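So the structure is just underneath, and the comments pick up after that.
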Amino acid sequence: MESLQEYFDLSISKDKMSASLDVKQEYQPDELTAEMLLNWLKENNVQFGFDHTVIDHVVSEYNLGIYPVEVAKGIEPVHGEDGQIEFLCERTDALDLDEKRNFRDIKKIPSLKEDEKIARIIEPTKGKPGRNILDKALPAKNGKPLLIRAGKNVRYDENTNMFHATAVGQLSVGPKVINVFDTHEVSGDLSMKTGNVKFVGSVIIRGNVPDGYRVEAEGDVHIYGLVEAGHIEAGGNVIISEGIAGLKKGTIKSGGDITINYINQANVQAGKNIVVQNSIMHSTCVAKEHIYCKSGNIVGGSCSAGMTIEAKDIGNKMDTKTEIAIGINQEQFQLENQLNLAKKTLENDLEKLNKLGNGLEKKAQSSNGLSSKERILLLKQRNSVQLTEAKLEKVEQQIASLHVEIGEEDKARLMVKGTLYPNVDLCFGKYQKTTLNVQKFTQVYIEDGEITSQPL
1 MESLQEYFDL SISKDKMSAS LDVKQEYQPD ELTAEMLLNW LKENNVQFGF DHTVIDHVVS
61 EYNLGIYPVE VAKGIEPVHG EDGQIEFLCE RTDALDLDEK RNFRDIKKIP SLKEDEKIAR
121 IIEPTKGKPG RNILDKALPA KNGKPLLIRA GKNVRYDENT NMFHATAVGQ LSVGPKVINV
181 FDTHEVSGDL SMKTGNVKFV GSVIIRGNVP DGYRVEAEGD VHIYGLVEAG HIEAGGNVII
241 SEGIAGLKKG TIKSGGDITI NYINQANVQA GKNIVVQNSI MHSTCVAKEH IYCKSGNIVG
301 GSCSAGMTIE AKDIGNKMDT KTEIAIGINQ EQFQLENQLN LAKKTLENDL EKLNKLGNGL
361 EKKAQSSNGL SSKERILLLK QRNSVQLTEA KLEKVEQQIA SLHVEIGEED KARLMVKGTL
421 YPNVDLCFGK YQKTTLNVQK FTQVYIEDGE ITSQPL
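In UniProt numbering, the protein residues as written are 1 to 456.
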């Protein structure tokens with residue numbers, strides 16, 4: 001049989017994961033063998049994933065109806081699953097984003113008994129590499145470990161990977177720590193009589209937080225009323241039944257979720273989600289996971305979330321400049337850049353110190369030896385190496401921790417269930433775009449390295 005090129009067309013997919021065969025002209029099966037076809041495929045760079053059943057069919061009979069036919073297929077890599085936590089106790093503070101919430105109600109704080117099981121860690125799994133039809137390995141990502149530790153009144157059993165309560169109290173789950181706290185309650189508004197509140201546990205305020213007052217808690221903060229230009233900080237979750245009128249001075253900072261009626265001229269930061277019943281107006285909001293503003297709008301200021309932002313409207317008819325950043329926490333991204341610069345500086349310093357030490361060690365072994373000044377210099381060099389290595393290790397640990405927290409661009413989504421107005425600056429990591437036209441019922445995401453939108 002003459003060259004197979006005269007009888008067949010070979011198509012290799014762009015991702016090099018599939019090879020298909022098409023027929024140009026009729027051939028005689030008795031003149032074609034599987035070995036001949038395999039050798040021809042290999043000559044044309046197909047080296048792996050042959051479908052021998054299909055190849056045998058091709059060489060056994062001429063059947064125009066089967067073409068084009070896939071003769072080789074690669075193996076996709078299987079990425080490992082991230083570590084997870086499974087809670088073994090009741091978590092009535094868990095945020096149900098699909099549930100219709102009454103923002104006038106206070107969230108029940110879950111309580112635990114001594115030695116009660118709280119949760120267990122599920123370890124991450126390893127990825128399985130793949131291979132394309134060119135016989136090139138395709139690496140797989142291993143799952144990321146879950147970074148969470150035992151905090152106050154909690155112990156961790158390494159043998160069972162379980163967290164246990166060591167005292168009776170209320171459960172508070174932050175992004176990196178599990179605590180069991182007592183609760184402090186204020187029966188009305190904060191005032192000169194109560195002063196500022198700072199407590200190691202959770203705090204309940206059955207009134208308002210006036211201008212200038214501070215509430216700080218290592219656990220959760222629950223406020224029935226309004227927050228004016230005050231400061232609220234919690235290691236756990238924050239619930240405010242009314243809202244915050246910040247007058248450009250008010251702040252809310254939470255290690256977990258922030259659930260609130262409205263946000264106006266305030267700075268709000270959440271370690272997990274920000275859930276707003278109505279609107280976000282001229283404020284700076286940062287959530288490491290999601291921002292939900294389902295029945296209201298986002299106008300002015302900036303909102304940044306690691307994964308998704310959802311709102312009814314974004315911007316307004318006046319084309320008020322509004323900034324939206326998704327897929328990356330801007331604050332964490334800037335910190336990572338600073339840490340990478342610090343790492344590079346420390347690595348350069350370590351290289352210079354090692355070069356100096358090697359020169360002194362070499363001279364020490366020579367017949368002349370080291371002078372007294374050089375011996376002192378060698379001792380200082382060794383001490384500097386130890387200090388620099390310790391600093392470098394700490395910076396690398398911080399960078400590794402940030403990789404868990406920063407969102408991924410390919411999973412980022414902006415969902416607008418009403419109107420996306422012009423003059424909204426969109427930022428998906430390194431990709432940026434400003435809206436020029438009115439868009440209705442749309443979602444925005446990254447596709448093929450570009451900011452893309454399509455109807456919901």
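A virtual CB, placed ideally from N, CA and C, is assigned to each residue, including glycine.
These numbers come from a predicted model, not from an experiment.
Taking the DSSP output, what are the residues bridged to S18?
K73
Counting only runs of 3+ residues fully inside the region 105-190, write out the beta strand (DSSP E) ranges in chain order.
117-122, 154-157, 162-165, 169-173, 177-181, 183-186
If you follow the alpha helix (DSSP H) that H57 is in, where does it begin and where does it stop?
Note, H57: alpha helix (DSSP H), 52-60.
Just how far apart, CA to CA, sit D211 and I204?
Going from the Cα of D211 to the Cα of I204 covers about 18 angstroms.
At the level of alpha carbons, what is the spacing between G243 and A137?
54 angstroms
Using only the alpha-carbon positions, how far apart do I280 and D51 sit?
57 angstroms
By Cβ distance below 8 angstroms, which residues in the same chain neighbour A34 in space, the five residues on each side in sequence not counted?
H52, I55, D56, V59
Should the region 3-11 be called in touch with the region 29-48, which here means at least 3 C-beta pairs below 8 angstroms?
yes
Give a yes or no on contact between the region 207-227 and the region 139-149, applying the rule of three or more CB pairs nearer than 8 angstroms.
no
For S18 and P129, what's the separation of their Cα atoms in angstroms?
17 angstroms
Work out the CA separation of C285 and G296 for me, nearest whole Å.
C-alpha separation (whole angstroms): 15 angstroms.
For the region 229-299, list the beta strand (DSSP E) runs that are entirely contained and at least 3 residues long, ordered along the chain.
231-234, 238-240, 244-254, 258-260, 263-270, 274-276, 284-287, 290-299
Where do the N-terminal and C-terminal ends of the beta strand (DSSP E) with L64 fall, by residue?
Where L64 is concerned, there is no enclosing beta strand (DSSP E), given that its DSSP letter is neither H nor E.
Taking C-beta to C-beta, are M162 and K117 nearer than 8 angstroms?
yes
Let me make sure I understand the geometry here. Which of N337, E114, P77 has the alpha-carbon closest to that of C89?
E114
Which one or two residues does DSSP pair with P455 in a beta bridge?
For P455, the beta-bridge partners assigned by DSSP are T442.
Spatial neighbours of D257 within its chain, please: CB distance less than 7 angstroms, with the 5 preceding and 5 following residues excluded, ordered by chain position.
L95, N237, A270, K272, N273, V275
Quick one: give me the first and last residue of the beta strand (DSSP E) that M415 is part of.
413-420
Between N267 and N278, how many whole angstroms is the CB-CB distance? I'm expecting something under 8 angstroms.
The Cβ separation is near 18 angstroms, so there is no contact.
Within the same chain, show all residues whose beta-carbon is closer than 7 angstroms to that of Q397, passing over the 5 residues directly before and after it, in chain order.
none
Just tell me which of E228, M415, A72 has its CA closest to the CA of S191.
E228
If you draw a straight line from the C-alpha of N337 to the C-alpha of K248, how long is it?
28 angstroms
Got a sec? Which residues, its chain only, sit under 7 angstroms from G174 by beta carbon, not counting five neighbours each side?
G235, G236, G255, G256, G271
Would P124 and E81 qualify as a contact pair, given that the criterion is a beta-carbon distance under 8 angstroms?
Yes, they are a contact pair.
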